[in-house]
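Asker:
Number of protein chains: 2
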Amino acid sequence: MSYRLLYPLRTYLVVSGRLGEEVNVMAADWVMLMSVEPFVVGVGVSPKRYTHGLIKRYGEFVVSVPSTDMVRDVWIVGSESGPGKLAKTSFTLIRAQKVGTPIIREALANLECRVIDSLNYGDHTWFVGEVVAYSYREEAFPGMVPSLEAGFLAHLTRNKFATFEKRVITP
Amino acid sequence: MSYRLLYPLRTYLVVSGRLGEEVNVMAADWVMLMSVEPFVVGVGVSPKRYTHGLIKRYGEFVVSVPSTDMVRDVWIVGSESGPGKLAKTSFTLIRAQKVGTPIIREALANLECRVIDSLNYGDHTWFVGEVVAYSYREEAFPGMVPSLEAGFLAHLTRNKFATFEKRVITP
Numbered sequence: 001m002s003y004r005l006l007y008p009l010r011t012y013l014v015v016s017g018r019l020g021e022e023v024n025v026m027a028a029d030w031v032m033l034m035s036v037e038p039f040v041v042g043v044g045v046s047p048k049r050y051t052h053g054l055i056k057r058y059g060e061f062v063v064s065v066p067s068t069d070m071v072r073d074v075w076i077v078g079s080e081s082g083p084g085k086l087a088k089t090s091f092t093l094i095r096a097q098k099v100g101t102p103i104i105r106e107a108l109a110n111l112e113c114r115v116i117d118s119l120n121y122g123d124h125t126w127f128v129g130e131v132v133a134y135s136y137r138e139e140a141f142p143g144m145v146p147s148l149e150a151g152f153l154a155h156l157t158r159n160k161f162a163t164f165e166k167r168v169i170t171p
Numbered sequence: 172m173s174y175r176l177l178y179p180l181r182t183y184l185v186v187s188g189r190l191g192e193e194v195n196v197m198a199a200d201w202v203m204l205m206s207v208e209p210f211v212v213g214v215g216v217s218p219k220r221y222t223h224g225l226i227k228r229y230g231e232f233v234v235s236v237p238s239t240d241m242v243r244d245v246w247i248v249g250s251e252s253g254p255g256k257l258a259k260t261s262f263t264l265i266r267a268q269k270v271g272t273p274i275i276r277e278a279l280a281n282l283e284c285r286v287i288d289s290l291n292y293g294d295h296t297w298f299v300g301e302v303v304a305y306s307y308r309e310e311a312f313p314g315m316v317p318s319l320e321a322g323f324l325a326h327l328t329r330n331k332f333a334t335f336e337k338r339v340i341t342p
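Here the protein sequences come in this chain order: A and B. So the first sequence is residues 1 to 171, counted in the numbering used here. So the second sequence is residues 172 to 342, counted in the numbering used here.
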């Protein structure tokens with residue numbers, strides 16, 4: 001469990017599949033920026049996950065930013081497997097701008113990604129995606145700076161989550 | 172600035188170089204797990220950074236976990252370039268267990284990494300490192316679960332940082 005030394009980590013949602021065909025959502029802590037220009041992100045997904053097959057198949061995924069209001073649904077999609085769990089959530093999956101994978105209407109932001117590479121150094125595949133479109137709630141990112149009022153979610157372990165103090169720390 | 176849609180992100184310190192030769196420390200938000208077993212992490216570093224040359228040269232780096240108590244020093248090493256800035260900080264650089272790069276005594280945890288790959292999809296190099304040794308403060312990670320009392324640091328933008336509420340959220 002030594003990987004917990006980098007925690008708490010932000011928790012995101014990864015949407016995979018294609019609207020009208022098959023869609024899945026998982027919770028993912030292993031999401032990171034890899035380049036600003038072009039805008040590239042990486043996502044770590046275990047080959048055991050249903051999402052893994054869908055990203056491989058469609059070559060696209062969406063990274064969605066949940067808030068603390070969505071923690072129950074984050075937990076459902078993080079702890080159960082396969083698209084059947086989606087019926088238990090209140091996620092609204094809607095058409096994205098540039099990819100076939102849907103975005104989540106309730107999310108604070110949605111990043112639409114096309115896979116440009118995939119790597120594996122052990123037990124997770126690291127999918128590298130170019131962000132081809134994005135959308136977000138202006139109140140969560142006023143002036144493109146995240147607002148501490150937005151309730152950004154982080155993960156401690158299992159079903160334990162956290163959020164940020166509404167206090168900016170300056171050196 | 173659309174990359175800010177994944178923020179706030181945790182802020183870490185990346186130590187590079189070799190004790191007794193040349194050492195540098197930078198602040199880095201782009202740090203992520205890539206595999207549990209083997210224990211592999213990735214770090215995004217701009218080729219413009221002094222740290223980039225040192226990691227290339229020595230093939231090793233250390234990821235250190237700062238606390239809110241260290242935010243002034245985090246800001247110094249995040250906003251100034253080159254090893255000269257280290258004299259302005261109160262970091263104590265001490266010998267690591269398995270790599271020539273030193274660890275930071277004041278940090279909540281130190282992950283000693285050997286570079287196993289490096290990738291570039293745009294304006295940052297993504298150094299992939301196998302964690303060959305680590306050390307940590309037991310009080311910050313009791314039972315290897317991060318404690319919200321530890322003052323883990325996150326980054327909003329420029330000189331604006333944040334930390335977590337001392338409240339565990341359960342779905």
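By construction, the Cβ of each residue, glycine as well, lies at the ideal position given by its N, Cα and C atoms. Only a predicted model underlies this, so the values are computations on that prediction, with no experimental measurement involved.
#1: Starting from Arg243/B, follow the alpha helix (DSSP H) in both directions and report where the run begins and ends.
#2: Between the segment 46–69 of chain A and chain B, which residues of the former have a C-beta closer than 8 Å to a C-beta of the latter?
#3: Quick one: Cα of Lys331/B to Cα of Pro146/A, how far?
#4: Under three-state DSSP, which class holds Arg49/A?
#5: How about Glu180/A: is its C-beta nearer than 7 Å to some C-beta of chain B?
#6: Taking Cβ-Cβ distances below 7 Å as the criterion, which residues of the segment 88–115 of chain A are in contact with chain B?
#7: Residues bridged to Arg181/B by DSSP?
#8: Find the nearest neighbour of Val62/A within the set Asp73/A, Ile94/A, Tyr3/A, Asp123/A, judged by alpha-carbon distance.
#9: So is Ala28/A in contact with chain B if we call contact Cβ pairs under 7 Å?
#10: I'd like to check one pair, Leu13/A with Ser64/A: are the Cβ atoms closer than 7 Å?
#11: Let me know the secondary structure DSSP gives Gly213/B once reduced to three states.
#12: Flag Pro146/A as yes if its beta-carbon sits less than 7 Å from any beta-carbon of chain B, otherwise no.
#13: Any idea which residues DSSP pairs Lys98/A with across the strands?
#14: Mind checking whether Val213/B and Met197/B have CB atoms under 7 Å apart?
#15: When you compare the CB of Ser187/B with every CB in chain A, is at least one pair closer than 7 Å?
#16: Could you please tell me which residues of the segment 302–317 of chain B, in chain order, have their CB closer than 8 Å to any CB of chain A?
#17: Just to make sure I have the definition right: I need the residues of chain B whose C-beta is within less than 9 Å of the C-beta of Val31/A. Which are they?
#18: What residues match up with Thr89/A in a beta bridge as DSSP calls it?
#19: Smallest Cα separation from Thr106/A: which of Leu54/A, Asp69/A, Lys56/A?
#20: Excluding sequence positions up to five away, which residues of its chain have a Cβ less than 8 Å from the Cβ of Thr334/B?
#21: How long is the line joining the alpha carbons of Ala133/A and Gln97/A, rounded to whole angstroms?
Answerer: In terms of the structure at hand:
#1: 242–250
#2: Cβ contacts with chain B: Val63, Val65, Thr68.
#3: 10 Å
#4: Three-state DSSP puts Arg49/A in coil, outside helix and strand.
#5: One cannot answer for residue 180/A here, as it falls past the ends of chain A, which runs 1 to 171.
#6: Ala109, Leu111
#7: Ala325/B
#8: The shortest Cα separation from Val62/A among Asp73/A, Ile94/A, Tyr3/A, Asp123/A belongs to Ile94/A.
#9: no
#10: yes
#11: strand
#12: yes
#13: In the DSSP output, where bridge partners are listed per residue, Lys98/A has none listed.
#14: In the sequence on display, residue 213/B carries Gly and not Val. Against a cut-off of 7 Å, the Cβ pair of Met197/B and Gly213/B comes out as no contact.
#15: no
#16: Val302, Tyr305, Tyr307, Phe312, Met315, Val316, Pro317
#17: Leu177, Met203
#18: Partner(s): none; Thr89/A has no beta bridge.
#19: For clarity, residue 106/A is Glu in the given sequence; the question names Thr instead. That would be Asp69/A, whose Cα lies nearest to the Cα of Glu106/A.
#20: Thr239, Gly322, Phe323, Leu324, Ala325
#21: 7 Å
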